[in-house]
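Chemist: Can you read through this structure? Questions will come right after.
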Amino acid sequence: MHQVGGAVLQQFLNADGGGHRGPRIDCGQGHRAAFVDYRDKVVLTVLAPVAVQRAYYHCAPCARGLIPKDRDLDIIGTTFSPGVRRLMGRVGGKEAFDEGRRDLETLAGVVVKTKAVERVAEALGAQVEAMAIQERARALSGTVVPLQAAPTLYIAIDGTGVPVVPHETVGRPGKDPTGPAKTREVKLGCVFTQTSVDEQGRPVRDEDSTTYVGAIEPAEAFGRRIYAEAVRRGITRAERVIVLGDGAPWIWGIADEHFPGAIQIVDLYHAREHLADLGKLVYGATSAAAKAWAAARRQDLDAGDVERVAAAMGRLRPRQRDAQEAVRKARSYFETNAPRMRYARFRRQGLFVGSGVVEAGCKTIVGHRLKQSGMRWTVRGANAIIALRCADLSGRWEEFWEARAVG
Ligand SMILES: [Zn+2]
Numbered sequence: 038m039h040q041v042g043g044a045v046l047q048q049f050l051n052a053d054g055g056g057h058r059g060p061r062i063d064c065g066q067g068h069r070a071a072f073v074d075y076r077d078k079v080v081l082t083v084l085a086p087v088a089v090q091r092a093y094y095h096c097a098p099c100a101r102g103l104i105p106k107d108r109d110l111d112i113i114g115t116t117f118s119p120g121v122r123r124l125m126g127r128v129g130g131k132e133a134f135d136e137g138r139r140d141l142e143t144l145a146g147v148v149v150k151t152k153a154v155e156r157v158a159e160a161l162g163a164q165v166e167a168m169a170i171q172e173r174a175r176a177l178s179g180t181v182v183p184l185q186a187a188p189t190l191y192i193a194i195d196g197t198g199v200p201v202v203p204h205e206t207v208g209r210p211g212k213d214p215t216g217p218a219k220t221r222e223v224k225l226g227c228v229f230t231q232t233s234v235d236e237q238g239r240p241v242r243d244e245d246s247t248t249y250v251g252a253i254e255p256a257e258a259f260g261r262r263i264y265a266e267a268v269r270r271g272i273t274r275a276e277r278v279i280v281l282g283d284g285a286p287w288i289w290g291i292a293d294e295h296f297p298g299a300i301q302i303v304d305l306y307h308a309r310e311h312l313a314d315l316g317k318l319v320y321g322a323t324s325a326a327a328k329a330w331a332a333a334r335r336q337d338l339d340a341g342d343v344e345r346v347a348a349a350m351g352r353l354r355p356r357q358r359d360a361q362e363a364v365r366k367a368r369s370y371f372e373t374n375a376p377r378m379r380y381a382r383f384r385r386q387g388l389f390v391g392s393g394v395v396e397a398g399c400k401t402i403v404g405h406r407l408k409q410s411g412m413r414w415t416v417r418g419a420n421a422i423i424a425l426r427c428a429d430l431s432g433r434w435e436e437f438w439e440a441r442a443v444g
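Just so it is clear: in the sequence shown, position 76 is 113 by our numbering, and no numbers are missing.
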């Protein structure tokens, strides 16, 4: 069946006799390129490999060849049809490249090399990112048309490590002070909206309202990335803006710079974890006193009484040095973030107080695809796949292909 279809397709693709446009054509740089001859290229399509006949032109001043038909068919510099590349990008974004190769063969009868899946998927990811860069420029210059705005818009930000090849961590200290870093941090952000609360007054996230952006990059660059996404999602028309994150200072730096006036909320579950960890460290991991202390502080925290939490920490008198240091650090964490921990008030306002959405995003977008055993990424490769996955999870995969077809 595929073979028959392939033969028909081959006839169809060559019905133009090779796309001859006359003896001379415009080269695009102001010269005239001359027709030389017809050149075949075997292109792998979803049906079968087909030999495509193309008129070849040469521009002497540019010293380069030109094949107008390759542009029409979207096969410049590749022997895979757009349909096959789309499949390769799809599987390469979803699973390990070798598994993707096997799925292509089993499900679509398309036989390619693992390395080709990798190359094509990463090239598509780079194109997704190139489009995002243009979009960002429009957002930052105020010329983007925002999507429908909702009254309440959330921006949740988190970071997660990805294992990288050794040269990507040269000069970067690792978590373990005795060795070099083995991972690089992916910064991930999501934007979602909320229009209502349920009967209990708890916030309800708007269905399908979550979009994602992410990359391995410095906080300044990521700040522009998440800001542009928020603009695209209608932040300028939102009545309330909330930034959710853990205690990482870079997140609040971005919030202050790009989202002034937003309500900043430290993820409640991170804050609780700090309490539980500290209780264990001071009173012993399995002790009842540790549990009781953490439970009492949790109540203070739920009430938004951060001062009481900090005061209780001030009364802790551990003997061990490391525990003393941990108490000091935890106290400083709660004091620094106190305005971001007024949980009782946030709840009264019907707001989310947890950053679970972005943490789930970290697992889905990054963890499941980039942190499988044995994987070691280059930053470029990881960013390409992250771009693909963010587009997919944001429901923008089709949009990407439509924009490509127009461009
Ligand atoms: Zn030229």
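The beta carbon of each residue, even a glycine, is placed where N, CA and C say it ideally should be. Bear in mind that the values here come from a model prediction, so they are computed numbers and not experimental data.
Could you tell me if the beta carbon of H68 falls within a distance shorter than 6 angstroms of some heavy atom in ligand 1?
Modeler: Because some heavy atom of ligand 1 lies under 6 angstroms away, the Cβ of H68 counts as near it: yes.
Chemist: Which complete beta strand (DSSP E) runs does the stretch 191-253 hold, if anything under 3 residues is left out?
Modeler: You should have 220-234, 240-242, 248-252.
Chemist: DSSP three-state label for R76, please.
Modeler: Reduced to three states, the DSSP call for R76 is strand.
Chemist: Quick check: L425 and G162, are their CB atoms within less than 7 angstroms of each other?
Modeler: Yes, the Cβ-Cβ distance between L425 and G162 is below 7 angstroms.
Chemist: Please say whether A333 and A381 have beta carbons closer to each other than 7 angstroms?
Modeler: Cβ atoms of A381 and A333: not closer than 7 angstroms.
Chemist: For ligand 1, is there any heavy atom lying closer than 6 angstroms to the beta carbon of P105?
Modeler: Outside the cutoff, so no.
Chemist: What's the call for H405, buried or exposed, on a 16-neighbour Cβ count within 10 Å?
Modeler: It is exposed - the Cβ of H405 has fewer than 16 other Cβ atoms within 10 Å.
Chemist: Beta-carbon separation of M378 and A367 under 7 angstroms?
Modeler: Against a cut-off of 7 angstroms, the Cβ pair of A367 and M378 comes out as no contact.
Chemist: Would you call the stretch 189-200 and the stretch 149-158 touching, i.e. three or more CB-CB distances under 8 angstroms?
Modeler: Flag = no, the stretch 189-200 and the stretch 149-158 do not touch.
Chemist: Could you check whether the Cβ of C99 sits closer than 6 angstroms to any heavy atom belonging to ligand 1?
Modeler: True, at least one ligand heavy atom lies under 6 angstroms from that Cβ.
Chemist: For G444 and L318, I'd like the C-alpha separation in whole angstroms.
Modeler: At G444 the pLDDT is 47, less than 50, meaning the model places this residue with poor confidence; the figure from the coordinates comes in the next sentence. Rounded to whole angstroms, G444 to L318 spans 59 angstroms at the Cα level.
Chemist: Tell me whether C64, by its Cβ, gets closer than 6 angstroms to a heavy atom of ligand 1.
Modeler: Yes, Cβ of C64 sits closer than 6 angstroms to a heavy atom of ligand 1.
Chemist: Just to confirm my understanding: we take T401, look at its own chain, exclude 5 residues before and 5 after, and list those with CB closer than 7 angstroms. What are they?
Modeler: Same-chain partners within the cutoff: L430.
Chemist: Report the residue ranges of all beta strand (DSSP E) runs contained in full by the stretch 258-335; include only those spanning at least 3 residues, in chain order.
Modeler: Here the runs fully enclosed are 277-282, 300-303.
Chemist: Within 10 angstroms of the Cβ of E359, are there 16 or more other Cβ atoms? Answer buried if so, exposed if not.
Modeler: The question names Glu, but residue 359 in the sequence shown is Asp. Counting Cβ neighbours within 10 Å, D359 comes out exposed, since fewer than 16 surround it.
Chemist: Report the three-state DSSP secondary structure of I62 (helix, strand or coil).
Modeler: If DSSP states are grouped into helix, strand and coil, I62 belongs with the strands.
Chemist: Would you call the stretch 132-141 and the stretch 86-106 in contact, with 3 or more CB pairs under 8 angstroms?
Modeler: No, because fewer than three Cβ pairs between the stretch 132-141 and the stretch 86-106 fall closer than 8 angstroms, the two stretches do not touch.
Chemist: Please name the residue in T220, A167, A158 whose C-alpha comes closest to that of K408.
Modeler: Comparing Cα positions, the closest option is T220.
Chemist: Go ahead and pull the three-state DSSP assignment for G411.
Modeler: Reduced to three states, the DSSP call for G411 is coil.
Chemist: Rounded to the nearest angstrom, what separates E435 and R123 at their Cα positions?
Modeler: Going from the Cα of E435 to the Cα of R123 covers about 10 angstroms.
Chemist: Is R269 near V181, with beta carbons less than 7 angstroms apart?
Modeler: For R269 and V181, yes; Cβs fall inside 7 angstroms.
Chemist: What did DSSP end up calling T373 once you bin it into helix, strand or coil?
Modeler: In this structure, T373 counts as helix in the three-state DSSP scheme.
Chemist: Under the rule that 16 or more other beta-carbon atoms within 10 Å means buried, what is Q231, buried or exposed?
Modeler: Label assigned to Q231: buried.
Chemist: Ends of the beta strand (DSSP E) at Q90?
Modeler: Segment 86-96, the beta strand (DSSP E) holding Q90.
Chemist: How big is the Cα-Cα spacing for G42 and R156?
Modeler: Cα-Cα distance, rounded: 27 angstroms.
Chemist: Run the proximity test for C427: is its beta-carbon closer than 6 angstroms to any non-hydrogen atom belonging to ligand 1?
Modeler: It does not: the Cβ of C427 is nowhere closer than 6 angstroms to a heavy atom of ligand 1.
Chemist: Taking 6 angstroms as the cut-off, is the beta-carbon of C96 closer than that to any non-hydrogen atom of ligand 3?
Modeler: Looking for ligand 3 in the displayed structure turns up nothing; the ligands present are ligand 1.
Chemist: Using the Cα positions of E172 and P255, report the straight-line distance between them to the nearest angstrom.
Modeler: Looking at the two C-alpha atoms, the distance is approximately 19 angstroms.
Chemist: Which of the three DSSP states, helix, strand or coil, is assigned to T116?
Modeler: Coil, per DSSP.
Chemist: Taking only three categories from DSSP, how would you classify R173?
Modeler: Note: R173 maps to helix in three-state DSSP.
Chemist: Around the Cβ of D283, are there at least 16 other Cβ atoms within 10 angstroms (buried) or fewer (exposed)?
Modeler: Looking at its Cβ environment, which holds 16 or more other Cβ atoms inside 10 Å, D283 is buried.
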